[in-house]
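Working notes, structure below.
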Amino acid sequence: MEKMKFAKKKKVMEAMDEKLGLEKGYIRKAFSAKGEHQTFIGTKVSHYSPCPCPDLVDGLRANTDAGGIILLFQDDEVGGLQIPKDGQWIDVQPVKNSIVITPGT
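All letters in the sequence shown, in the order written, are residues 211 to 315 by my numbering.
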């Protein structure tokens, strides 16, 4: 079962290699210290409820995600995701039925 899970995750990494124009296995090697360690693949699930009093909140601190590849299933109606661009934070509008894929930090 564990080998099957890794095979599926490996396919995701290889698809990202292809779409980014990288050699096959590049991302997997990058996250395994050039093959010296087994690639760690973990899962974290978080759910952030809508704020009950948004008019009283300025926002949360900037955060980083511990990991290399982040698959974010954004809520279709509740925004909040922002990215830095040119020294400013800009909103990332939710897109219905989509997955935001980002490199972690």
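All C-beta atoms, glycine included, are put in the ideal place defined by N, C-alpha and C. Since we're looking at a predicted model, the values are computed, not measured.
Task: Status (buried if at least 16 other CB within 10 Å, exposed otherwise) for isoleucine 237 - done: In this structure isoleucine 237 is buried. Its beta-carbon is surrounded by 16 or more other beta-carbon atoms within 10 angstroms.
TODO: Confirm, please, whether the CB-CB distance from aspartate 301 to glutamine 292 is below 7 Å.
DONE: Yes, the pair counts as a contact, with Cβ atoms nearer than the cut-off.
Task: C-alpha gap between threonine 312 and glutamate 233, whole angstroms - done: One alpha carbon belongs to threonine 312, the other to glutamate 233, and they sit about 19 Å apart.
Task: Pairwise C-alpha distance: proline 294 and aspartate 268 - done: Going by the C-alpha atoms only, they are around 17 Å apart.
Task: Spatially closest choice to valine 255 from Pro262, Leu281, Leu230, by CA coordinates - done: Taking only the C-alpha atoms, the option nearest valine 255 is Leu281.
TODO: Starting from lysine 295, trace the alpha helix (DSSP H) both ways and give me its first and last residue.
DONE: Segment 292–295 is the beta strand (DSSP E) holding lysine 295; no alpha helix (DSSP H) there.
Open item on the list: If I measure Cβ to Cβ from aspartate 227 and keep anything under 6 Å in the same chain, skipping five residues before and after, which residues do I get?
Closed with: If we look at aspartate 227 and ignore the five residues flanking it on each side, its Cβ neighbours are Lys234, Tyr236, Ile237.
Task: Nonlocal neighbours in the same chain, by C-beta distance under 6 Å from methionine 223, ignoring five residues either side - done: Excluding residues within five positions, the ones whose Cβ falls inside 6 Å are Ile237, Arg238.
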